[in-house]
Amino acid sequence: MIRLVSFRKFCAVLALSGSLALPFVGVAVGQTSGTSPQERKTLRTIGFMTDFDVKDDAVGICKAVMNGVAPGVEVIDITHQATPYNIAEGARFLAGSAPYFEKDAVFVVVIDPGVGSTRRAIIARSKKGQFFVLPDNGLLTLVQDRDGIEAVREITNPEWMIGAKMSSTFHGRDIFSPAGAHLARGDDWTTAGPVVDVAKLVRLDIHTAVVNDAGLHGEVIGTDGPFGNLVLNVPAETFAQLGYRLGDTVPVQVGGKTYDLPFVKTFSDVAVGKPLAYIDSRGRLSLGINQRSFAETYGIQAPAEVLIVRKR
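Going letter by letter, the sequence shown gives residues 10 to 321 in our numbering.
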């Protein structure tokens, strides 16, 4: 109380003298706010992705664990609505989002149908310097193919986990979240556990579209969020080999049925309710309907075979 009264008197004197400046107030607040901005900046950002959905408390619990280990850590949600158990989709989302994060970011990814089994919980560091905390079940495949993996550790050190009362079904809380937070605060990741041979990482058998004399052979690999556009495993460069140009009509066979689609730049290039083929924001050929769902309209779900003949 004595300090409070003295401070008020001091402010009153300064105010009367015209010397009470905002920089002084800023310094005073900064000295009593706990963690300084400089200290907060030392924490690595965490990108967090799961198939937990947000209907219950699982995501919130994981974030609370992260913040408990690394107070003030920034956690960016990539998605928590990945299709349950769909490791290939998770690998695609992870590879798609990683380039937009900082070069030393940490990714905690929990799409883990093998939770509690003999599958390994690992930390991997890419050749770009990013860290990935996840089950060794193929989630790293696309990141490994593009960025390369420099080193891997299995998480076995109890100090990197939540404690002795670890469950067999919620490793997102008990292993991956605390391990990710340890990395975010700069702990030495080589203490997390033993080295894993990069060559022995579990990999998905992911196919990219191919072109032969019969045309392009590809696959529907998913839909674009809630909009129902079909995402294909067809990079723009591969599609270009067929000879089609903007404005052409492209005969696209999906699941054995052929759709004649205008190849255009964006949705508004066709009338509302009309279908189109376009190159999406990730550089892949996609099929959509302006303000409608292609998947629902034509009853198509992934996976489905795609065939496109060469331009005549």
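Even for Gly, the Cβ is constructed at its ideal location relative to N, Cα and C.
Q. Cβ of N95 versus every heavy atom of the ligand GTP: is any distance shorter than 8 angstroms?
A. The ligand GTP is not part of this structure, which contains no ligands at all.
Q.
Taking the alpha helix (DSSP H) that L225 belongs to, which residues open and close that run?
A. Per DSSP, L225 lies in no alpha helix (DSSP H) segment; the continuous beta strand (DSSP E) that holds it begins and ends at G224 to T232.
Q | Sequence ranges, alpha helix (DSSP H) only - wholly within the region 236-287, length at least 4 | A | As far as the region 236-287 is concerned, its whole alpha helix (DSSP H) runs of at least 4 residues are 245-249.
**Q.** Range of the contiguous beta strand (DSSP E) that encloses S135
**A.** Taken as a continuous stretch (DSSP letters only), the beta strand (DSSP E) holding S135 covers A130 to S135.
Q.
At the level of alpha carbons, what is the spacing between E83 and K72?
A. Answer to the nearest angstrom: the Cα atoms are 10 angstroms apart.
Q: Note down the Cα distance separating P144 from K320, rounded to an integer number of angstroms.
A: Going from the Cα of P144 to the Cα of K320 covers about 44 angstroms.
**Q.** Helix, strand or coil at I70 according to DSSP, with G and I counted as helix
**A.** Residue state, collapsed to three classes: helix.
Q: Helix, strand or coil for E163, going by three-state DSSP, please let me know.
A: In the structure shown, E163 sits in a strand (DSSP, three-state: E or B).
Q. When we look at the beta-carbon of L255 and count the other beta-carbons within 10 Å, is it buried (16 or more) or exposed?
A. Of the other Cβ atoms in all chains shown, fewer than 16 fall within 10 Å of the Cβ of L255; this residue is therefore exposed.
Q: Could you check how far apart the C-beta atoms of V229 and L241 are, in whole angstroms? I think they sit under 8 angstroms.
A: Taking C-beta atoms under 8 angstroms as the contact rule, V229 and L241 qualify, at a distance of about 6 angstroms.
Q: Compare the beta carbon distance of V117 and A188 with 9 angstroms and say whether it is the shorter of the two.
A: Cβ atoms of V117 and A188: closer than 9 angstroms.
(Q) I need the straight-line Cα distance from N238 to G282, nearest angstrom please. (A) Those two C-alpha atoms are separated by around 13 angstroms.
Q. If we call anything under 9 angstroms between Cβ atoms a contact, is L225 one with T247?
A. Against a cut-off of 9 angstroms, the Cβ pair of T247 and L225 comes out as a contact.
Q.
For P167 and I298, I'd like the C-alpha separation in whole angstroms.
A. Between the alpha carbons of P167 and I298 lies a gap of roughly 51 angstroms.
(Q) So L52 and G81 are supposed to be a Cβ contact under 8 angstroms. How far apart are they, rounded? (A) So it is a contact: roughly 6 angstroms between Cβ atoms.
Q | Coarse secondary structure for I298, derived from DSSP in three states | A | I298: strand per DSSP, three-state reduction.
Q) Among A97, V263 and T54, which has the Cα closest to the Cα of A79? A) The shortest C-alpha to C-alpha distance from A79 to any of A97, V263 and T54 is the one to T54.
Q: Label A245 either buried or exposed according to how many other C-beta atoms from any shown protein chain fall within 10 Å of its C-beta, with 16 as the threshold for buried.
A: The residue in question, A245, is exposed, as its Cβ has fewer than 16 Cβ neighbours within 10 Å.
(Q) The beta strand (DSSP E) that contains E168, what's its start and end? (A) Here E168 belongs to no beta strand (DSSP E), and DSSP marks it neither H nor E.
Q. Is the CB-CB distance between M58 and A91 below 9 angstroms?
A. A91 sits close to M58, with the two beta carbons spaced by under 9 angstroms.
Q. Distance, Cα to Cα, V207 vs I158?
A. V207 and I158 have their C-alpha atoms roughly 7 angstroms apart.
Q) Do V263 and I215 have their C-beta atoms closer together than 9 angstroms? A) Taking 9 angstroms as the Cβ cut-off, V263 and I215 do not qualify as a contacting pair.
Q. For D156, does the three-state DSSP call read helix, strand or coil?
A. In the three-state reduction of the DSSP assignment, D156 falls in the helix class, which pools H, G and I.
Q | Per-residue DSSP class, three states only, for A193 | A | The three-state secondary structure of A193, taken from DSSP, is helix.
Q. Just how far apart, CA to CA, sit R194 and A313?
A. Counting only the Cα atoms, A313 lies some 44 angstroms from R194.
Q. Between the beta-carbon of F272 and the beta-carbon of Y287, is there less than 9 angstroms?
A. Yes, Cβ-Cβ distance for F272 and Y287 is below 9 angstroms.
Q) Nearest-angstrom Cα distance between S290 and A133? A) The alpha-carbon of S290 is positioned some 27 angstroms away from that of A133.
Q) Is the CB-CB distance between L103 and L151 below 9 angstroms? A) The answer is yes: Cβ separation under 9 angstroms.
Q: If I'm right that I164 touches R182 with Cβ under 8 angstroms, what's the distance once you round it to whole angstroms?
A: About 14 angstroms separates the beta carbons of I164 and R182, which is beyond the 8 angstroms limit, so they are not a contact pair.
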